Amino acid sequence: MDSSNKKIRAVIADDEPLARDALRVLLKKDSRVEIVAECRNGEEANAAVRRHSPELIFLDVQMPGTDGFQVVEQIGVEKMPVTIFVTAFDKYALRAFTAQALDYLLKPFDHERFETALERAKEQIQRQNFVMTGEKLFALLADLRGDSTEKIVEENPNRASGENEGESLERFVIKSQGRIYFVKAGEVEWIEAMGDFASLRVGDKSHLLHRTMKDLQRKLDPKKFVRIHRSIIVNIEFIKDIQPLFKGEYIITLTSGKQLKSSRGFHQQLQVLFDETR
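Here the sequence shown stands for residues 7 to 284, where the numbers follow the working numbering.
What follows is the structure, given as structure tokens:
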């Protein structure tokens, strides 16, 4: 079966019957989503994820006994499906969700916000970007615990990356799950914006960094990296071919086979590459 037509298995975990009912009604409007389990507490959610291996979970933060965050810890961030947190208004939790670019829904549910969160989740699932999901969840738990030593976010990214003023950035230092990773800039194939964060794509792995695209574009070597979209920077060394579409838009195919679409606003950035072929 074509993976684009495969149903997305979803779990609903919320101790409030009305909230479960609302999520069920909203999800049943989407023919691509199949609800495989409805859970009333964290223990049931834990069991459902292990039993069904869903691609998506709507996870209530505040449940009696085992709460949503404890479910994540018990299952393990690397085994969690794409997660949309569900919560009543909680300033502290919302700040943490926003910081890690994770989706959440506030009760009572706003239909437009629900659709936005669901579409983002489906995009993540289609890209099979579960490594990124795990890194975000780990960083979220670190924030909520106040565990600064294992955050993915660098407190001083300039210093940690070994860059000096006026010099191009040569490597990234990534803190993730208790380890420190050194990633050479030249090994990064492309970079995707995630709010105030950036996802560094290296082969089949991704690393989350607390940097804006504007900052990265300023610090990366312009002879090696080109910004093709407001949310995408590409390493020129990994570009296989460029196919023109129309009105200044292009499809960029990487050596990995990954295809990225440029936007008209960044046509001039690509013009540098075209000039080199003349």
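C-beta atoms are modelled at their ideal positions from N, C-alpha and C, and glycine is treated no differently.
The structure presented is a predicted model; accordingly, all values stated were derived computationally and were not measured.
Flag this pair as yes or no: are the beta carbons of Ile234 and Leu260 separated by less than 8 Å?
Within the sequence shown, numbered from 1, the residue matching residue 234 stands at position 228. Within the sequence shown, numbered from 1, the residue matching residue 260 stands at position 254. No.
Quick check on the burial criterion: 16 or more other C-beta atoms within 10 angstroms. Buried or exposed for Pro89?
Here the question's residue 89 lines up with position 83 in the sequence shown. Going by the sequence as given, residue 89 is Thr instead of Pro. By the neighbour-count rule (16 or more Cβ atoms within 10 Å), Thr89 is buried.
Kindly confirm or deny that the stretch 206-215 and the stretch 189-198 touch, where touching means at least three C-beta pairs closer than 8 Å.
yes
Rounded Cβ spacing between Phe64 and Ala19 (contact assumed at less than 8 Å):
Reading the sequence shown from its first residue, position 58 is the one you call residue 64. Reading the sequence shown from its first residue, position 13 is the one you call residue 19. About 7 Å separates the Cβ atoms of Phe64 and Ala19, confirming a contact at the 8 Å cut-off.
Exposed unless 16 or more other CB atoms sit within 10 angstroms - verdict on Glu61
Mapped onto the sequence shown, residue 61 falls at position 55. Under this definition Glu61 is a buried residue.
Go ahead and pull the three-state DSSP assignment for Thr261.
In the sequence shown, counting from the first residue as 1, residue 261 sits at position 255. In this structure, Thr261 counts as coil in the three-state DSSP scheme.
Nearest to Met86 by alpha carbon, out of Arg207, Val78 and Leu32?
Taking the first residue of the sequence shown as position 1, residue 86 is located at position 80. Nearest option by C-alpha distance: Val78.
Closest to Glu22 by CA distance: which of Lys13, Ala94, Asn52 and Lys230 is it?
In the sequence shown, the residue the question calls residue 22 occupies position 16. Selected option, being the one with the closest Cα: Ala94.
Which residue wins for smallest C-alpha separation from Gly48, given the options Phe178, Gln80 and Asp227?
What you label residue 48 is simply residue 42 of the sequence shown in a count that begins at 1. Measuring from the Cα of Gly48, the nearest candidate turns out to be Gln80.
Quick check: the Cα distance between Asp247 and Leu206, rounded to an integer number of angstroms?
Against the sequence shown, residue 247 aligns to sequence position 241. Against the sequence shown, residue 206 aligns to sequence position 200. About 21 Å.
Arg165 classed as buried or exposed, judged by whether at least 16 other C-beta atoms fall within 10 angstroms
Within the sequence shown, numbered from 1, the residue matching residue 165 stands at position 159. Reliability fails at Arg165, whose pLDDT of 38 lies under 50, so the model's placement of it is uncertain and the value that follows must be treated cautiously. That one is exposed.
Can you grab the Cα-Cα spacing for the pair Ile242 / Pro250, in whole Å?
In the sequence shown, residue 242 corresponds to position 236, counting from 1. In the sequence shown, residue 250 corresponds to position 244, counting from 1. The alpha-carbon atoms of Ile242 and Pro250 are separated by roughly 17 Å.
Simplified DSSP state of Glu198, which is helix, strand or coil:
On the sequence shown, position 192 is the one that residue 198 refers to. Note: Glu198 maps to strand in three-state DSSP.
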